[in-house]
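Here numbering that gives the first Met the number 0 is used: the first residue of the sequence shown is 0, the next is one more, and so on. Each residue gets a CB set at the ideal place from its N, CA and C atoms; glycine is no exception. To start, the structure itself, in structure tokens.
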Amino acid sequence: MSMFTIISYDIVDDKRRASVMKLLKGYGVRVQYSVFEAMLDAREFRAVSDQLRKLIDPAQDSVRCYRLDAVAAERTVIHGIGRITTDPTHYMV
Numbered sequence: 000m001s002m003f004t005i006i007s008y009d010i011v012d013d014k015r016r017a018s019v020m021k022l023l024k025g026y027g028v029r030v031q032y033s034v035f036e037a038m039l040d041a042r043e044f045r046a047v048s049d050q051l052r053k054l055i056d057p058a059q060d061s062v063r064c065y066r067l068d069a070v071a072a073e074r075t076v077i078h079g080i081g082r083i084t085t086d087p088t089h090y091m092v
């Protein structure tokens, strides 16, 4: 089952920051400079977590992952522009 996941990061080094950003672009949508939203199942979450641990310096960097169930995601409030990221209901090929 996929869960709504918010991933935020504070990366000191430009090269590591760029690597983290590129990784997360493959999993979700960038909603702020250092914040991504994604729908990830358990396997995808483990994969992205494993890759993030390899990219960062734990003595200098911080990555936070918030896994929200459907009820918690529905309670999300956005002030200003933007909307909750959701998977598309269909794809055009």
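Query, Result
"Segments of 3+ residues assigned as beta strand (DSSP E) that fall wholly inside the region 15 to 65", "28 to 31, 34 to 39"
"Supposed close pair residue 106, residue 34 - CB separation, criterion 8 Å", "A question about residue 106 goes unanswered here, because the residues of the chain that appear run from 0 up to 92."
"For residue 69 and residue 59, the rounded distance between their alpha carbons", "33 Å"
"Separation of residue 27 from residue 72, as counted between CA atoms", "15 Å"
"Where the alpha helix (DSSP H) containing residue 70 begins and where it ends", "69 to 73"
"Simplified DSSP state of residue 13, which is helix, strand or coil", "helix"
"DSSP-derived helix/strand/coil call for residue 77", "coil"
"Three-state secondary structure assigned by DSSP to residue 2", "strand"
"Sub-7 Å separation of residue 15 and residue 54 beta-carbons", "yes"
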